[in-house]
Every structure is written in C-alpha cells, then in structure tokens.
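Every letter in the sequence shown is one number past the one before it in this note's numbering, and letter 109, counting from 1, is 155. We put the beta carbon where it would ideally sit given N, CA and C, even for glycine.
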Amino acid sequence: SGSAHRMSSEWLACPTKAGLLKTASTGQYAPRRHAIAKIRNEFTLQSNAHGMSNLIAMWRDPETHTMIRVSMFPTCHPTVQKEAIMLLRHLTFHQDVLLELWRDAEMRRLLLNAASADQTFMVRIE
C-alpha cells in the first residue's frame with residue numbers, strides 16, 4: 047500500500063531488517079555502529095509515521111532485543127556500546143518499553159555496568 051515517501055518505515059515489515067540486524071550484531075565495530083545508528087534514525091524518530099509503534103515493536107522483537115544486548119557487552123567496542131545505549135534511549139520514549147526494560151534483569155545489569163564503567167566499559171559480567 048504505497049503511501050507518501052516521507053519516513054514511514056514499519057520495523058517489523060522492513061525488508062532490510064534482517065540485514066541491518068546482522069550487520070549491527072557482528073563483525074567490525076564501524077559497520078556495526080553505523081547499522082545501529084541507521085536503525086535508530088530511520089525507525090525511531092518522531093518524523094516516522096510508525097515511530098511510536100516501532101519503539102514497542104523493536105523492544106519486543108527477539109532479534110532486535112538480542113542485537114541490543116550483544117552490542118552492550120563489555121567486550122564490545124565503546125562506540126558500538128554507545129550507539130546501542132542511544133537506541134535504547136530512543137526506545138524508552140515509549141513508557142511500556144521503559145517499564146519492561148527495567149524489569150529485564152540482564153538489560154538492567156548491562157546498563158548499570160556501562161554506567162559504572164565511566165567511559166572505559168571494561169566491567170566484566172560475571
């Protein structure tokens with residue numbers, strides 16, 4: 047159903063979703079960082095007609111959730127971690143995401159570790 051060509055991408059229906067997630071999850075840090083930024087810029091901004099519904103869809107999508115988690119591991123390049131945290135920050139514009147995120151023990155631990163590492167991101171998850 048072709049509508050206006052302004053940003054109106056729907057995350058779950060996006061044909062490039064699998065490729066973006068693969069690039070964002072594995073490999074060299076520069077392409078990973080750019081893929082995460084592209085996801086954030088194309089799917090979570092208010093200029094996207096589906097922006098708000100994309101936020102909860104992304105959070106509840108297992109592949110997206112995995113990409114965010116692996117991008118926040120202490121072994122990841124700090125710029126990849128920062129992009130993942132920026133994406134998470136966008137997702138928390140949806141109140142349900144914020145509540146679910148804080149209930150998620152692993153995500154809570156990753157966020158607290160990243161925050162306590164104070165720019166070094168060298169904290170190990172036991």
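Between residue 147 and the rest of its own chain, which residues show a CB-CB distance below 6 Å, the 5 nearest in sequence each way excluded? 153
Label residue 79 either buried or exposed according to how many other C-beta atoms from any shown protein chain fall within 10 Å of its C-beta, with 16 as the threshold for buried. When all chains shown are included, residue 79 counts as buried.
Given that a residue counts as buried once 16 or more other Cβ atoms are within 10 Å of its Cβ, and exposed if not, what is residue 29? No answer is possible for residue 29: the residues shown for the chain start at 47 and end at 172.
The alpha helix (DSSP H) enclosing residue 70, as first and last residue numbers: 63–71
Out of 162, 137, 117, 65, which one is the CA nearest neighbour of residue 97? 137
Contact check, residue 116 vs residue 75 under 8 Å by CB: the rounded distance? Not quite, the Cβ-Cβ distance comes to about 13 Å (not below 8 Å), so this is no contact.
Beta-carbon separation of residue 81 and residue 66 under 8 Å? yes
Can the beta-carbon of residue 100 be found less than 8 Å from the beta-carbon of residue 56? yes
When the Cα atoms are used, what is the spatial distance from residue 71 to residue 114? 8 Å
So, with DSSP's three-state summary, where would you put residue 150? coil
Can you tell me whether residue 134 is buried or exposed? The criterion is at least 16 other CB atoms within 10 Å of its CB, across all chains shown. buried
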